[in-house]
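Asker: Those letters in the sequence shown? Residues 490 to 888, by this note's numbering.
Glycine residues also receive a C-beta, built at the ideal position from the N, C-alpha and C atoms.
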Amino acid sequence: MARRFDAIRGNGKRQPAVPIDAAFTMDYVHRLRFTSDVLDPANPVLREVLAKTEDSPGRLVVVVDQGVAEAWPGLCERIDDYVIDALDWMTLAAPVQIVPGGETCKNDWSVYESVARTIHDAAICRHSYVLVIGGGAVLDAAGFAAATAHRGVRLVRLPTTTLAQADAGIGVKNGINAFGKKNFLGCFAVPWAVINDEKFLTTLTDRDWRCGLSEAVKVALLKDASFFDIIESAAPRLKERDQTAMRSIVRRSAELHLQHIVSCGDPFEMRGARPLDFGHWSAHKLEQMTDFSVKHGEAVAIGLAIDVLYSATMGRLPGSEAERVVRLLEALGFSLYHAALNDPALFEGLEDFREHLGGQLTITLLDAIGRPFDVHEIDLARMSDAIAHLATVAARPLS
Ligand SMILES: NC(=O)c1ccc[n+]([C@@H]2O[C@H](COP(=O)([O-])OP(=O)(O)OC[C@H]3O[C@@H](n4cnc5c(N)ncnc54)[C@H](O)[C@@H]3O)[C@@H](O)[C@H]2O)c1
Ligand SMILES: [Zn+2]
Numbered sequence: 490m491a492r493r494f495d496a497i498r499g500n501g502k503r504q505p506a507v508p509i510d511a512a513f514t515m516d517y518v519h520r521l522r523f524t525s526d527v528l529d530p531a532n533p534v535l536r537e538v539l540a541k542t543e544d545s546p547g548r549l550v551v552v553v554d555q556g557v558a559e560a561w562p563g564l565c566e567r568i569d570d571y572v573i574d575a576l577d578w579m580t581l582a583a584p585v586q587i588v589p590g591g592e593t594c595k596n597d598w599s600v601y602e603s604v605a606r607t608i609h610d611a612a613i614c615r616h617s618y619v620l621v622i623g624g625g626a627v628l629d630a631a632g633f634a635a636a637t638a639h640r641g642v643r644l645v646r647l648p649t650t651t652l653a654q655a656d657a658g659i660g661v662k663n664g665i666n667a668f669g670k671k672n673f674l675g676c677f678a679v680p681w682a683v684i685n686d687e688k689f690l691t692t693l694t695d696r697d698w699r700c701g702l703s704e705a706v707k708v709a710l711l712k713d714a715s716f717f718d719i720i721e722s723a724a725p726r727l728k729e730r731d732q733t734a735m736r737s738i739v740r741r742s743a744e745l746h747l748q749h750i751v752s753c754g755d756p757f758e759m760r761g762a763r764p765l766d767f768g769h770w771s772a773h774k775l776e777q778m779t780d781f782s783v784k785h786g787e788a789v790a791i792g793l794a795i796d797v798l799y800s801a802t803m804g805r806l807p808g809s810e811a812e813r814v815v816r817l818l819e820a821l822g823f824s825l826y827h828a829a830l831n832d833p834a835l836f837e838g839l840e841d842f843r844e845h846l847g848g849q850l851t852i853t854l855l856d857a858i859g860r861p862f863d864v865h866e867i868d869l870a871r872m873s874d875a876i877a878h879l880a881t882v883a884a885r886p887l888s
């Protein structure tokens, strides 16, 4: 084994260096708020999150997802007015910046770069704020710029999709896709605050309205069997776009994701598992294989179905429970089969997971709803059986 040596001492002999391992911890606060119509000057939520601090010059940059700007005409003017009316100690350091939304904004550097440039041009410092309003993709790309400019500017997220409010906006990850891999470039950073404004959800397409529900089912399967029951009984109302039903599902999902981050002991995923990424090895691959025509939330629904059926073929999850999960995902409106699942390239998703975690593969499966366990190997023949089984059960009409 190689020995390390420090400076040559008086007698000319090298002495072994004394290793220094200095452990330290840091305290973080993850602020999560729920509201409706956050930009109403009478609504105190954003004003309180952006309360005056001694160390901040009170300067703000706002980035808006183009899809949100189009769905909410006059939004930029409302932001201008809000800053003037409600944030008396703060100024907009640049005009509100609109960036293209959707997954394509993560597929190259353009959104990352344009937000980083705005932060630069507006002379935003580490104690100023970047407020990002948008879906999970814009939050990831613009958040990556905010987290890396000056090595981290205060980021306030206003997630505007069900998926971003139930999961992505709460996460401590930012990033973009590169070299054909989802989220290959990115970093961990805790946002200054996350504000879920339910009013934004009213303008989503049916597909994007549905997308967040797969992440809610995921976190229920991992953490809370009673939450799974609640989603099951709310399914017809969720499909009919009942805002009250969605409010409670988004809220519980966001809470469970947050609880995991603050109490799992490994928020920055330094260890060998990605427990919140249940069902994601195939989901991430499927998104890429379909050129992102299958959205993240839709791919997660399929990925969950595959991994619960695989858990059943292993004899761990009762078949009736696997069936229950499949039926719920279908009742929520997800289509659970895609021709790309026949392509063996799907299994490269397992290799991507193995490489990401470093050496050992860790995949989460289920013993029961609410009771996950990890495996370090996947039997590809059985996995192919599970996928073939999905092709047959997904084709059956709902009873
Ligand atoms: N960082 C994390 O921890 C984390 C966790 C889960 C998912 N993600 C990422 O999130 C992304 C998916 O996010 P998503 O599901 O929010 O989709 P998305 O960001 O792609 O948005 C979907 C579409 O909806 C539009 N849109 C957004 N809000 C709208 C609104 N209120 N009204 C009308 N249109 C609106 C967008 O412009 C876009 O066209 C994926 O890239 C995924 O990898 C990140
Ligand atoms: Zn996800």
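(1) State the beta-bridge partners of Ala-682 as determined by DSSP.
(2) Check for me: the beta strand (DSSP E) holding Asp-856 runs from which residue to which?
(3) Could you spell out where the beta strand (DSSP E) holding Gly-675 opens and where it closes?
(4) Given 8 Å as the limit, is there contact between the region 695-713 and the region 534-548, that is, 3 or more CB pairs closer than that?
(5) According to DSSP, which residues form a beta bridge with Gln-586?
(6) Please report the straight-line C-alpha distance between Ala-634 and Val-550, rounded to a whole angstrom.
(7) Just checking my contact of Leu-825 with Ala-870 at CB under 8 Å: how many whole Å lie between their CB atoms?
(8) Under 7 Å Cβ to Cβ from Phe-890, same chain only, skipping five residues before and after it: list those, please.
(9) Does the separation of the CB atoms of Ala-655 and Gly-591 fall below 8 Å?
(10) Between the alpha carbons of Ala-772 and Ala-788, how many angstroms are there, rounded?
(11) When every heavy atom of ligand 2 is checked, does at least one fall within less than 7 Å of the C-beta of His-785?
(12) In angstroms with no decimal places, state the Cα-to-Cα distance between Leu-887 and Thr-853.
(13) If we count the other Cβ atoms within 10 Å of its Cβ and call it buried at 16 or more, is Phe-757 buried or exposed?
(14) Keeping to the same chain, check which residues put their C-beta closer than 7 Å to that of His-845; ignore five residues upstream and five downstream.
(15) Helix, strand or coil for Ile-867 per DSSP?
(16) Could you tell me if the beta carbon of Leu-828 falls within a distance shorter than 7 Å of some heavy atom in ligand 1?
(17) When you compare only the Cα positions, how much space is there between Gly-761 and Glu-840?
(18) Any idea which residues DSSP pairs Asn-663 with across the strands?
(19) Which ranges does the beta strand (DSSP E) cover as unbroken runs of at least 3 residues, wholly within the region 586-630, from first to last along the chain?
(20) Closer than 7 Å to a non-hydrogen atom of ligand 2 - does that hold for the CB of His-865?
(21) Within 10 angstroms of its Cβ, does Ser-809 collect 16 or more other Cβ (buried), or is it exposed?
(22) Judging by CA-CA distance, which residue of Val-553, Val-814, Gly-625 and Trp-561 is the nearest neighbour of Gly-658?
(23) Could you please give me the residues that DSSP links to Phe-717 through a beta bridge?
(24) So, at 7 Å on beta carbons, what are the nonlocal neighbours of His-519 in its own chain, with the 5 sequence-adjacent residues on each side left out?
(25) Need the endpoints of the alpha helix (DSSP H) that Leu-702 sits in, please.
(26) For Phe-781, does the three-state DSSP call read helix, strand or coil?
(27) Mapping the DSSP letters down to three states, classify Thr-650 as helix, strand or coil.
(28) Report the three-state DSSP secondary structure of Pro-505 (helix, strand or coil).
(29) Could you check whether Val-621 and Leu-628 sit closer than 8 Å to each other, using their CB atoms as the reference points?
(30) For ligand 2, I want to know if Asp-656 counts as a neighbour, meaning its beta carbon is within less than 7 Å of at least one of the ligand's heavy atoms.
(31) Examine ligand 2 and report whether any of its heavy atoms sits within less than 7 Å of the Cβ of Glu-592.
(32) Using a 10 Å radius around the Cβ and a threshold of 16 neighbouring Cβ atoms, would you call Lys-671 buried or exposed?
(33) DSSP three-state call for Pro-861: helix, strand or coil?
(34) Can you name the start and end residues of the beta strand (DSSP E) that Leu-839 belongs to?
Answerer: Looking at the atomic coordinates:
(1) Looking up residue 682 in the sequence shown gives position 193. Bridge partners of Ala-682: Val-645.
(2) Mapped onto the sequence shown, residue 856 falls at position 367. Where Asp-856 is concerned, the enclosing beta strand (DSSP E) stretches over 852-857.
(3) In the sequence shown, the residue the question calls residue 675 occupies position 186. Per DSSP, Gly-675 belongs to the beta strand (DSSP E) from 670-677.
(4) no
(5) Position 97 of the sequence shown, counted from the start, is the residue given in the question as residue 586. In the DSSP output, where bridge partners are listed per residue, Gln-586 has Val-552.
(6) Locating residue 634 in the sequence shown gives position 145, where the first residue counts as 1. Locating residue 550 in the sequence shown gives position 61, where the first residue counts as 1. One C-alpha to the other measures close to 12 Å.
(7) One-based indexing of the sequence shown puts residue 825 at position 336. One-based indexing of the sequence shown puts residue 870 at position 381. Wrong, their Cβ atoms sit about 21 Å apart, outside the cutoff.
(8) Lying before the first or after the last residue shown, residue 890 is absent from the chain, which here runs from 490 to 888.
(9) Within the sequence shown, residue 655 is the residue found at index 166, counting from 1. Within the sequence shown, residue 591 is the residue found at index 102, counting from 1. No, the pair does not count as a contact, with Cβ atoms beyond the cut-off.
(10) Taking the sequence shown and counting its residues from 1, one reaches residue 772 at position 283. Taking the sequence shown and counting its residues from 1, one reaches residue 788 at position 299. Looking at the two C-alpha atoms, the distance is approximately 5 Å.
(11) Along the sequence shown, one-based indexing puts residue 785 at 296. Yes.
(12) Taking the first residue of the sequence shown as 1, we reach residue 887 at position 398. Taking the first residue of the sequence shown as 1, we reach residue 853 at position 364. Low local confidence applies: a pLDDT of 49 at Leu-887 is under 50, so the model's placement there is unreliable, with the coordinate-based value given in what follows. Using only the alpha carbons, I get a separation of about 28 Å.
(13) Here residue 757 is taken as the residue at index 268 of the sequence shown, counted from 1. Label assigned to Phe-757: exposed.
(14) For the purposes of this step, residue 845 is identified with residue 356 of the sequence shown, where counting begins at 1. Counting only Cβ-Cβ distances below 7 Å, and skipping sequence neighbours, we find nothing.
(15) Position 378 of the sequence shown, counting from 1, holds the residue named residue 867. Ile-867 falls in the coil class under three-state DSSP.
(16) Here the question's residue 828 lines up with position 339 in the sequence shown. The sequence as given places Ala at residue 828; Leu does not occur at that position. The answer is no for Ala-828.
(17) Translated into positions along the sequence shown, residue 761 becomes position 272. Translated into positions along the sequence shown, residue 840 becomes position 351. If I take the Cα positions, the gap works out to 14 Å.
(18) Taking the first residue of the sequence shown as 1, we reach residue 663 at position 174. In DSSP, Asn-663 forms a bridge with Cys-676.
(19) 586-588 and 618-623
(20) Residue mapping note: residue 865 aligns to position 376 of the sequence shown, counting from 1. His-865 Cβ: outside cutoff for every heavy atom of ligand 2.
(21) On the sequence shown, position 320 is the one that residue 809 refers to. Ser-809 comes out exposed.
(22) By one-based count along the sequence shown, residue 658 stands at place 169. Considering only alpha carbons, the answer is Gly-625.
(23) Your numbering for residue 717 matches position 228 in the sequence shown. Note: Phe-717 sits in no beta bridge, so no partner.
(24) Here residue 519 is taken as the residue at index 30 of the sequence shown, counted from 1. Answer for His-519: Val-679, Leu-747, Ile-750 and Val-751, listed in chain order.
(25) For the purposes of this step, residue 702 is identified with residue 213 of the sequence shown, where counting begins at 1. Its alpha helix (DSSP H) spans residues 695-712.
(26) Against the sequence shown, residue 781 aligns to sequence position 292. Residue state, collapsed to three classes: coil.
(27) To locate residue 650, count along the sequence shown from 1; it is residue 161. In the structure shown, Thr-650 sits in coil (DSSP, three-state: anything other than H, G, I, E or B).
(28) As a first step, residue 505 must be located in the sequence shown, where it is residue number 16. Correct three-state label for Pro-505: strand.
(29) For the purposes of this step, residue 628 is identified with residue 139 of the sequence shown, where counting begins at 1. For the purposes of this step, residue 621 is identified with residue 132 of the sequence shown, where counting begins at 1. Closer than 8 Å, so yes.
(30) Counting from one through the sequence shown, the residue named residue 656 turns up at place 167. Indeed, a heavy atom of ligand 2 lies less than 7 Å from the Cβ.
(31) Residue mapping note: residue 592 aligns to position 103 of the sequence shown, counting from 1. Because no heavy atom of ligand 2 lies under 7 Å away, the Cβ of Glu-592 does not count as near it: no.
(32) Numbered from 1 along the sequence shown, position 182 holds the residue referred to as residue 671. So Lys-671 ends up on the buried side.
(33) Along the sequence shown, read from residue 1 onward, the residue named residue 861 stands at position 372. Strand.
(34) Taking the first residue of the sequence shown as 1, we reach residue 839 at position 350. It is not in any beta strand (DSSP E) - Leu-839 instead sits in the alpha helix (DSSP H) that spans 837-846.
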